[in-house]
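**Q** Have a look at the structure that comes next, please.
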Amino acid sequence: SQELEQSPQSLIVQEGKNLTINCTSSKTLYGLYWYKQKYGEGLIFLMMLQKGGEEKSHEKITAKLDEKKQQSSLHITASQPSHAGIYLCGADSRSGGSNYKLTFGKGTLLTVNP
Amino acid sequence: GAVVSQHPSRVICKSGTSVKIECRSLDFQATTMFWYRQFPKQSLMLMATSNEGSKATYEQGVEKDKFLINHASLTLSTLTVTSAHPEDSSFYICSARPFRGGLNEQFFGPGTRLTVL
Chain F
1 SQELEQSPQS LIVQEGKNLT INCTSSKTLY GLYWYKQKYG EGLIFLMMLQ KGGEEKSHEK
61 ITAKLDEKKQ QSSLHITASQ PSHAGIYLCG ADSRSGGSNY KLTFGKGTLL TVNP
Chain Y
115 GAVVSQHPSR VICKSGTSVK IECRSLDFQA TTMFWYRQFP KQSLMLMATS NEGSKATYEQ
175 GVEKDKFLIN HASLTLSTLT VTSAHPEDSS FYICSARPFR GGLNEQFFGP GTRLTVL
């Protein structure tokens, strides 16, 4: 089964600082998804990456997928308290079959101090 | 955007009772819905995948008779926790995958907090 390692497990930054969260897979990723979760709430879809070397940005958040499609990073520029939450990466473990499902990393808890 | 609702958001029940949780896709049709369970400070654990009109596919270690899943329509899936016990207390989240060619993201519901006394 596919395993996703996220690092760091938790992160505390000062407002305005940049930060990066990493997600590493034990297998080639067919699709890599980034979600944000507030504790006790559902997940908010951030971005999806499929192609090696792909990079996507939305507002101050940039996600990249490496050429080998085994590692992804999420970068937040000039962090704000509104960015605080749990960031989860999820991998499409379809492996060419029709039984599509997502496997999630353990998450990174981000705290942004004003 | 795609919205998924869950009902109820919180439920407290006595041990031995059954609890039903509904998951609805409000503005799209979902060919597939997923049920997850999340323990405090842990990631989401996939419990089962349900396709409309067919039996759910359960992950290894998930009791089918304990967690009954029904996906009767393209916008509704239900999870029934039968004869609930305190160890079933958890945060249950559903997600729905819209039927769109080439796009595989899932849209998540807000979750249901189940507490079994």
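Protein chains in written order, with my numbering: chain F, 1 to 114; chain Y, 115 to 231.
Note that beta-carbon positions come from the ideal geometry of N, C-alpha and C, so glycine has one too.
Computed from a prediction, not measured in an experiment: that's the story for all the values here.
Can you confirm whether F/Lys106, when its beta carbon is compared against all beta carbons of chain Y, has any partner nearer than 8 Å?
**A** yes
**Q** Quick one: which unbroken alpha helix (DSSP H) runs of 4-plus residues sit fully inside the region 135 to 174 of chain Y? Chain order, please.
**A** none
**Q** Is Y/Asp202 helix, strand or coil when you go by DSSP?
**A** helix
**Q** DSSP state of F/Pro114, grouped into three classes?
**A** In the displayed model, F/Pro114 falls within coil according to three-state DSSP, outside both helix and strand.
**Q** Looking at C-alpha atoms only, which residue of Y/Ser157, Y/Met159, Y/Ala186, Y/Gln156 is the closest neighbour of Y/Ala170?
**A** The shortest C-alpha to C-alpha distance from Y/Ala170 to any of Y/Ser157, Y/Met159, Y/Ala186, Y/Gln156 is the one to Y/Ala186.
**Q** Hey, how far is the Cα of F/Glu55 from the Cα of F/Ser25?
**A** 17 Å
**Q** Beta-carbon of Y/Cys143 versus every beta-carbon of chain F: anything under 8 Å?
**A** First, the residue type needs correcting, since residue 143 of chain Y is Gln and not Cys in the sequence shown. For Y/Gln143, the answer is no, since every Cβ of chain F falls outside 8 Å of its Cβ.
**Q** Quick check: what's the CA-CA separation for F/Ile12 versus Y/Glu219?
**A** 29 Å
**Q** What does F/Gly42 reach in chain Y if we use C-beta pairs closer than 8 Å?
**A** Val118, Gln120, Ile207, Phe222, Gly223, Pro224, Gly225
**Q** Y/Arg151: which of Y/Ser203, Y/Leu231, Y/Thr145 sits nearest, CA to CA?
**A** Y/Ser203
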